[in-house]
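Student:
Chains as they are written, first to last, in the working numbering: chain A, 2 to 350; chain B, 12 to 350.
What follows is the structure, given as structure tokens:
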């Protein structure tokens, strides 16, 4: 899957670029540098930490833990990749996750609490997904037809969704928000030693990685981000497509809420204020352009794992944790700098 | 490149706005409740009709709710008008606008839990300069000229209580670590100091460097798992607060180490008590927030009447374990989630 995704992006990316500039193959290679470059950083980090802490860092246990902790951010990152490719942004994901978790949690609370049966669990999951999707679709509609910039729409959404969640709960995490049925399976359960959370995140990544590279939905997403007006003239219903993209982000935030309830057993209303920045950082680290039109799900996977590996690695090696913020900050700025340079090169051609 | 910082700025503004909007709703309901209270008791002499405000660190935290409830009852008994408000998040940029809005209403007394040891000092000095008497509750600021009285749990003592209880649970051996919220908060810094110093009495226990999770359970979960990878002999964790405790419990469950690694947490919030009963936490160090609230109102009332004021008041702490939780002398320390 690894190589096909990368190639797929270039293939779908090329048709929009070719008529404009006739990009030669060597430049196409340059265009993929950011992804390669961040992957090299990831490999280098793993190598450094494995050498510095032999037998402690690159172990099955440790890799599993890194993957478990990255799972929710990965699911959110996949949705964010689509949004950012349309040259949009979604700042509201942390709040939407909380709202979906609260809605599901409240239902669970009044239908059995921690001992709730499987029917309740299924309804809770459905509630979380529907709340997330509807919220995302609403935001998408405002972006598409209201012509309000996504930054503003989702900034408003960030406050509103969190506010509603706080109104519902009175600002406190309700006790008994997650059923032990859900926690013991999705939360802590494993299949052949691999946690279900990781399997779910991997499946989501795989499916939407293919959606982006292999389907009309993905092609439209890339085309709109590249040039929305041209897409419109080519017959893409840009507005309707944007609603779908933001709804997808909402759906995945709802899925994130289910995963959060499963692993943490509580809604953690106050614990999601920086989810958006973490996820946007991951997407940008992965080489998706903030200006739209280019990006890949594989890149986002790398982008999610760089901070995750840094966090774990620095603790395992025993370095003061503040270095982690410094390191992620530097890598982020460098990644966007490379993106800018590449844009200039492309325009010059 | 310049777009990302702009977003962050906007984000901060938005968070602050939301916080203001939500807290404004709360304070109005608070004043209505106390308004009827002040009308009913007229026999309180010099304090009658005086207005006091309470600004807590995190509005929805049962610790502060318990404190607010006790302070409200005490204020009612003394015939004081009482309003309460609190930050939506533990954040200077969220609490400062609250302080400014309360300052504008010029209360006679202000009880506040500052969320930073230094950053809020100028705002508080300004309020104090305008004639409002300030009592610092729970957290405090480094500048000693702020406030007529400082009422808090003896946090260093609390750290010691946690260390002793955790060492006992660990069987006096292995590595121990503190995971806290952020550096620069007076209460948690003191707890860590007390904990670390007390642990030196147990030569077989090695204390690892403190980690900070920014109040995010997901971060705490990842940190505890990383620590387990680096130190397989990890036997005990001291959690800075509830969110951290939840994150640690999740991290340990996912690593299959629940119960093997003993967890001590501060406070006795309802979900922490549930966690103690189901075995994901082993020790709770409970403070007495109700006593803090009552004592602060008493000190302010004394100041209004020109009576002597105690500059520093320490309240008691108790270690709760599964064995003593049903003891009424201990269970009264469990925090409330509503008045």
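Just so it is clear, CB atoms sit at the ideal spot from N, CA and C, and this is done for glycine as well.
#1: I think residue 250/A touches residue 73/A, with their Cβ atoms under 8 Å apart; what is that distance to the nearest whole Å?
#2: Should residue 277/B and residue 161/B be called a contact, given that it needs their Cβ atoms to be closer than 8 Å?
#3: Classify residue 58/A as helix, strand or coil using the three-state DSSP reduction.
#4: Helix, strand or coil: how does DSSP classify residue 161/B here?
#5: Can you give me the Cβ contacts of residue 43/A inside the same chain, cut-off strictly under 8 Å, excluding the 5 residues immediately before and after it?
#6: Can you name the start and end residues of the alpha helix (DSSP H) that residue 237/B belongs to?
#7: Please determine if the segment 170-180 of chain A and the segment 218-232 of chain A are in contact, where contact requires at least 3 C-beta pairs separated by less than 8 Å.
#8: Identify the contact partners of residue 60/A in chain B, using a Cβ-Cβ distance below 9 Å as the criterion.
#9: In this structure, how does DSSP classify residue 276/B when only helix, strand and coil are distinguished?
#10: Flag residue 50/A as yes if its beta-carbon sits less than 8 Å from any beta-carbon of chain B, otherwise no.
#11: Considering only C-alpha positions, which residue in the set 126/B, 316/B and 214/B is nearest to residue 99/B?
#12: Give me the chain B residues within the contact set of residue 247/A, using Cβ-Cβ distance strictly less than 8 Å, ordered along the chain.
#13: Who are the neighbours of residue 226/B on chain A, taking C-beta pairs under 7 Å?
#14: For the ligand NAD, I want to know if residue 276/A counts as a neighbour, meaning its beta carbon is within less than 7 Å of at least one of the ligand's heavy atoms.
#15: Identify the continuous beta strand (DSSP E) that holds residue 245/A and give its terminal residues.
#16: Any beta-carbon of chain A closer than 8 Å to the one on residue 229/B?
#17: Measure the C-alpha to C-alpha separation of residue 334/A and residue 194/B and round it to an integer number of angstroms.
#18: At which residues does the alpha helix (DSSP H) containing residue 207/A begin and terminate?
#19: Determine, using beta carbons only, whether residue 71/B comes closer than 8 Å to chain A.
#20: Rounded to a whole number of angstroms, what is the C-alpha to C-alpha distance between residue 234/B and residue 315/A?
#21: To the nearest angstrom, how far is it from the Cα of residue 15/B to the Cα of residue 106/B?
#22: For a quick check, are the C-beta atoms of residue 138/A and residue 244/A less than 8 Å apart?
#23: Does the distance from the CB of residue 273/A to the CB of residue 98/A come in under 8 Å?
#24: Identify the continuous beta strand (DSSP E) that holds residue 92/B and give its terminal residues.
#25: Should the segment 265-277 of chain B be regarded as contacting the segment 112-122 of chain B, the criterion being three or more beta carbon pairs within less than 8 Å?
#26: Could you give the first and the last residue of the continuous alpha helix (DSSP H) run that contains residue 204/B?
#27: Let's see if you can read the secondary structure: which residues bound the beta strand (DSSP E) around residue 298/A?
#28: Is the beta carbon of residue 123/B closer than 8 Å to that of residue 178/B?
#29: Using CA coordinates, which residue listed in 81/A, 70/A, 51/A and 46/A is at the minimum distance from residue 278/A?
#30: In chain order, what residues of the same chain have a beta carbon less than 7 Å from the beta carbon of residue 258/A, not counting five sequence neighbours either side?
#31: So, for residue 67/B: in the same chain, excluding its five sequence neighbours on each side, which residues have a beta-carbon less than 6 Å away from its beta-carbon?
#32: According to DSSP, is residue 270/B helix, strand or coil?
#33: Tell me which residue opens and which closes the beta strand (DSSP E) that residue 63/B is part of.
#34: Would a C-beta distance cut-off of 8 Å place residue 7/B and residue 132/B closer than the cut-off?
#35: Which residues share a DSSP beta bridge with residue 326/B?
#36: Classify residue 345/A as helix, strand or coil using the three-state DSSP reduction.
Tutor: Once the coordinates are examined:
#1: At roughly 14 Å, the Cβ-Cβ gap does not stay under 8 Å, so residue 250/A and residue 73/A are not in contact.
#2: no
#3: coil
#4: strand
#5: 303, 306, 307 and 310
#6: 228-241
#7: no
#8: 240
#9: strand
#10: no
#11: 126/B
#12: Those do not exist, as residue 247/A stays about 17 Å from chain B at its closest Cβ, beyond 8 Å.
#13: 271 and 272
#14: Among the components modelled here there is no ligand, and therefore nothing to report on the ligand NAD.
#15: Segment 239-265 is the alpha helix (DSSP H) holding residue 245/A; no beta strand (DSSP E) there.
#16: yes
#17: 26 Å
#18: 197-215
#19: yes
#20: 10 Å
#21: Low confidence applies to residue 15/B: its pLDDT is 41, below 50, so where it sits in the model is not reliable, and the reading given next is rough at best. For residue 15/B and residue 106/B, the distance between alpha carbons rounds to 24 Å.
#22: yes
#23: yes
#24: 92-97
#25: no
#26: 197-210
#27: First-last for residue 298/A: 298-318, but that is the alpha helix (DSSP H), not the beta strand (DSSP E).
#28: no
#29: 81/A
#30: 98, 101, 102, 105, 129 and 133
#31: 75, 97 and 124
#32: coil
#33: 62-67
#34: This structure cannot settle anything about residue 7/B, because the visible part of chain B is limited to 12 through 350.
#35: 164/B
#36: helix
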